[in-house]
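>
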Amino acid sequence: MNRPPTLAARIVMYAVLVGMTLFALYPIWFAILASGRAGDRLYTFNLAGMFVPTQWTFENYRTLLYETSFLTWIKNSLFVATLTAIASVSLGTSGGFAFSRFRFRGREAGLILFLAIQAFPGILALVPIAQILSAFGLYRNHWGLIMAYMSGQLVFATWMLKGYFDTIPIDLEEAGMIDGAGPIQSFVHIALPLARPMLATTALFGFMAGWGEFFLANILIPAPDARKTVMVGMFQIANEVNIPWGQFAAGAVLVIIPILLVFLFLQRYLEAGLTMGGVKG
Amino acid sequence: MVGWSGRRKTLTILLFVAPTLLGLLIFSIFPLVLNIFISLTNRGKFHPNPDCTQTIWKIVEPTCWLGNPPKGLAEPFGFQTPVYQNYADLLGGLFGRAGLVALLHIVIALLPLLAAWYLNRRFDRQLTRPVPSWMVWLGGLVGVFLVSRLADVPGAYNTLLRAGNFIMVNIRTILYVVVCMPLFFTLGLIMALILNNRHIKGLTFFRVILIVPWAASTVAIMMSLVWQFFFRERGTINQLVGLLNIKGPAFLNNSLWAFVIVVLVNLWYTYPFFMVSLLGGLQSIPQELYEAAEVDGASWWKQLINITLPLLRPIALPIIVLSSLTTYKIDAVVWSLTRGGPIAGAGKPGATEFVMLHAYKQIFETQAYGRMGAFAVILFVMLFAATLYSLRITRITKGAYE
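So the protein sequences, as listed, match chains E and H. Count along the first sequence from 1, then add 7; that gives the number in the numbering used here. Count along the second sequence from 1, then add 349; that gives the number in the numbering used here.
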């Protein structure tokens with residue numbers, strides 16, 4: 008597979024690449040186009056308008072930001088996602104360190120437990136989670152939602168961080184030990200600073216999970232409007248009888264594009280995260 | 350670590366593990382346990398509240414903990430008689446005579462594949478293979494096709510669909526996974542092969558562009574709504590078709606179209622994962638092998654079949670297993686596209702109502718929390734077993750690399 012491809016092969020390959028690029032980008036481009044279209048139409052009836060912006064206007068963005076609850080939803084989502092990230096990383100780091108560095112009874116069992124929890128999707132636990140939250144008055148409350156998210160993210164964060172601590176050579180900590188540092192000191196002063204990039208990455212993943220989640224948010228905060236997260240709010244807009252298409256598209260652009268950028272930036276950490284079932288125990 | 354042991358060691362480890370464990374205990378482990386208890390009761394719309402005077406609910410039911418339990422006119426819920434009634438309701442149809450016969454038919458129809466697998470194993474041990482492995486697999490598939498005609502597999506499939514909603518959504522979801530995986534893998538492999546070709550210009554550019562759908566999957570609920578607008582009755586596709594003076598169908602109201610669309614959109618989200626992983630696999634294959642094959646005059650196709658695919662196996666197998674699990678658990682994409690519809694009749698799950706959506710819809714529709722608990726427990730056992738199996742596969746294939 009080393010030799011230079013023939014002309015025909017080359018043409019086929021470029022054709023596939025261009026076709027796939029269109030396939031990959033068109034839906035997003037479509038949303039951008041629709042967000043700048045005047046009037047309450049998502050569709051345009053001229054062919055050119057489906058591929059290039061013909062009459063661009065920011066009217067939809069203005070209406071969305073100033074005349075709907077969109078900004079409140081964004082604020083709610085930012086709050087929930089940020090706290091989910093912070094909570095999962097701060098609770099998961101020490102656990103990840105312990106599972107990476109120490110050998111203790113129940114370690115294997117703990118790792119299996121993580122897998123078991125990972126296998127259990129949040130939707131299936133919704134009824135008991137709702138009961139727990141309502142028992143403590145946290146139903147319809149952002150803090151309740153954060154706790155529900157945090158537990159799901161916690162396993163992920165712990166695995167990621169354990170995997171990262173595994174790659175940090177133990178020699179530095181051993182040197183610290185010889186100088187008289189206990190395990191807590193070596194964790195705080197040696198391992199934590201080294202793990203900083205991974206802490207940030209894990210936090211960003213936690214943020215993205217909280218930002219994009221819909222099902223738990225829809226059940227745990229069904230009302231009032233002012234407490235909803237942006238995914239729930241936008242889903243509701245898209246299912247109204249008279250859908251304000253342009254505003255919906257504008258909202259979609261504002262919600263999706265930042266996440267795309269963050270994700271592309273984090274790309275190289277992804278494989279580590281997604282194959283986390285394979286991290287050696 | 351050196352220099353510390355005994356009680357201090359135990360305490361330190363506890364100190365480290367405690368925050369993580371505590372977080373998991375409250376919102377992961379406890380809901381699981383509570384689910385098991387709920388699954389044994391008739392809790393639901395008509396029996397919503399616990400009887401907090403009973404010791405068992407005083408302990409496990411959080412609404413009883415704080416002293417002012419929820420009160421209502423309805424009877425409190427209690428254990429089913431027999432206690433496993435909810436499980437019997439869900440799985441009963443499978444263990445009846447008709448269900449077992451139908452299962453048997455399907456198993457028989459799959460026997461040719463087993464035979465193909467066995468033949469391939471035998472051939473692998475011989476010095477020269479009489480038949481290439483893909484031909485054996487093809488033969489197996491043809492065999493499945495022929496036998497499924499004889500054994501009336503469509504009839505068996507329909508029998509199973511009628512054996513209860515839980516079994517129905519499970520079979521549909523498994524069918525969905527089976528349809529999706531070859532598509533994901535093929536498209537991912539094609540793109541990986543192209544991106545692995547050093548003679549193509551702009552590789553880095555394409556590589557970044559082509560993973561955009563993967564990025565969009567983190568906000569799948571929104572992105573799928575955008576996709577949905579293509580397929581609405583007066584959506585983009587029908588508008589384009591309209592230019593040719595054809596009236597397009599209402600895609601999402603047709604069971605088959607809805608299924609196809611859900612596959613297509615999920616292909617959009619998932620091919621980047623396969624592409625990136627397989628590209629990594631391709632790059633780990635030593636170039637010398639291709640050079641040697643080149644010297645022997647092997648064609649591109651021969652190199653693909655005899656070098657690339659066998660050496661990709663250690664990467665391909667785990668990602669297929671992993672992706673099967675996530676595809677089985679698909680929720681947001683389908684919810685935005687079809688809401689599980691189109692619905693065939695009252696009380697019946699829609700054509701694209703896969704397991705997670707079914708579980709989710711039950712919260713509003715039947716509100717039979719007891720039965721949902723049983724649903725969750727069964728699914729948990731299945732998913733956990735599958736996860737352990739995938740872990741094993743990953744370990745085995747890791748061994749192949751080292």
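By construction, the Cβ of each residue, glycine as well, lies at the ideal position given by its N, Cα and C atoms.
Compile a chain-ordered list of the residues in the stretch 221-245 of chain E whose CB is closer than 7 Å to at least one CB of chain H.
Per Cβ criterion, the list reads PHE221, PHE222, ILE226, MET238, MET241, PHE242 and ALA245.
> If I follow the unbroken alpha helix (DSSP H) through E:PHE109, where does it start and stop?
E:PHE109 -> no alpha helix (DSSP H), and no H or E assigned at all.
> Given that H:TYR718 touches chain E, what residues does it touch there, using C-beta distances under 8 Å?
Those within 8 Å of H:TYR718 in chain E are VAL134.
> Unbroken alpha helix (DSSP H) runs of length 4 or more, entirely within the stretch 416-502 of chain H: which are they?
With a minimum length of 4 residues, the continuous alpha helix (DSSP H) runs that stay inside the stretch 416-502 of chain H are 434-444, 446-474 and 482-499.
> Applying a beta-carbon distance threshold of less than 8 Å, which residues of chain E neighbour H:VAL561?
Within 8 Å Cβ-Cβ: ALA31, LEU32, ILE35, LEU267 and LEU271.
> Any Cβ of chain E within less than 8 Å of the Cβ of H:ALA665?
H:ALA665 does not count as touching chain E.
> Can you find the residues in the same chain that come closer than 7 Å, C-beta to C-beta, to H:VAL726, ignoring five residues on each side of it along the sequence?
So the list reads ASN384, ILE385 and SER388, once near-sequence residues are dropped.
> Comparing alpha-carbon positions, which option in H:ILE586, H:CYS413 and H:PHE376 lies nearest E:LEU131?
Minimum Cα distance to E:LEU131 is reached at H:PHE376.
> Helix or strand or just coil, what does DSSP make of H:THR390?
Looking at H:THR390 - three-state DSSP - the assignment turns out to be strand.
> CA-CA distance, E:GLN243 and H:LYS697?
When rounded, the distance between both Cα atoms is 25 Å.
> Do you know how far the Cα of H:ILE570 is from the Cα of E:VAL239?
Approximately 9 Å between the Cα atoms of the pair.
> Determine, using beta carbons only, whether H:ASN655 comes closer than 8 Å to chain E.
No, no contact with chain E.
> Can you give me the C-alpha to C-alpha distance between H:TRP650 and H:TYR639, rounded to a whole angstrom?
One C-alpha to the other measures close to 12 Å.
> Measure from the C-beta of E:ALA116 to each C-beta in chain H and report whether the shortest distance is under 8 Å.
Answer no: the Cβ-Cβ gap between E:ALA116 and chain H never drops below 8 Å.
> Quick one: what's got a C-beta closer than 6 Å to H:GLY448's C-beta in the same chain, skipping five residues either side?
These residues qualify, in order along the chain: GLY442 and ALA512.
> Give the secondary structure of E:ARG147 by DSSP, where H, G and I count as helix, E and B as strand, and everything else as coil.
Looking at E:ARG147 - three-state DSSP - the assignment turns out to be coil, as it is neither helix nor strand.
> Please name the residue in H:MET572, H:ASN435, H:LEU737 and H:ARG357 whose C-alpha comes closest to that of H:TRP617.
Closest by alpha carbon: H:MET572.
> Taking DSSP as the reference, what is the three-state secondary structure of E:ALA22?
Three-state DSSP puts E:ALA22 in a helix.
> For the alpha helix (DSSP H) that H:GLY591 lies in, which residues bound it at each end?
Run containing H:GLY591: 585-592, per the alpha helix (DSSP H) assignment.
> Could you name the residues of the same chain whose beta carbon sits closer than 8 Å to that of H:PRO479, not counting the 5 residues immediately before and after it, in chain order?
Correct list, in chain order: PHE472.
> Could you check whether the Cβ of H:ASN546 sits closer than 8 Å to any Cβ belonging to chain E?
Closer than 8 Å to some Cβ of chain E, the Cβ of H:ASN546 qualifies, so yes.
> If you compare alpha carbons, which of H:LEU628, H:ASP680 and H:ALA641 is closest to H:LEU552?
Checked all of H:LEU628, H:ASP680 and H:ALA641; the closest Cα to H:LEU552 is H:LEU628.
> Between E:ALA137, E:ALA55 and E:THR75, which lies nearest to H:LEU381 when the distance is taken from Cα to Cα?
Closest by alpha carbon: E:ALA137.
> Of all the beta strand (DSSP E) runs that stay within the bounds of the stretch 554-616 of chain H, which reach a length of 3 or more residues?
Runs found: none.
> Is it the case that the Cβ atoms of E:MET241 and E:ALA259 are separated by a distance below 8 Å?
A contact, by the Cβ cut-off of 8 Å.
> Leaving out the 5 sequence neighbours to the left and right, which residues in its chain are closer than 8 Å to E:LEU201 when beta-carbon positions are compared?
Answer for E:LEU201: ILE175 and LEU179, listed in chain order.
> Could you tell me whether the Cβ of H:TRP406 comes closer than 8 Å to any Cβ of chain E?
False, the Cβ-Cβ gap to chain E never drops below 8 Å.
> On the three-state DSSP scale, how would you describe H:ASP400?
Of the three classes helix, strand and coil, the one that applies to H:ASP400 here is coil, per DSSP.
> Using 8 Å as the Cβ pair cut-off and three pairs as the minimum, do the stretch 538-555 of chain H and the stretch 619-628 of chain H touch?
They touch, by the three-pair rule.
> What are the residues in the stretch 153-168 of chain E lying within 8 Å of chain H by C-beta distance?
Cβ contacts with chain H: MET154, ALA155, MET157, SER158, GLY159, LEU161, VAL162 and THR165.
> Can you list, in chain order, the residues of its chain with a C-beta nearer than 7 Å to that of H:TYR718? Leave out the 5 residues immediately preceding and following it.
Contacts found: ILE387, ARG392 and GLY393.
> Got a sec: is the Cβ-Cβ distance from H:PHE555 to anything in chain E below 8 Å?
Interface residue, yes.
> Interface residues of chain E around H:THR676 at Cβ under 7 Å?
Those do not exist, as H:THR676 stays about 13 Å from chain E at its closest Cβ, beyond 7 Å.
> Does the separation of the CB atoms of E:ALA256 and E:ALA16 fall below 8 Å?
Against a cut-off of 8 Å, the Cβ pair of E:ALA16 and E:ALA256 comes out as no contact.
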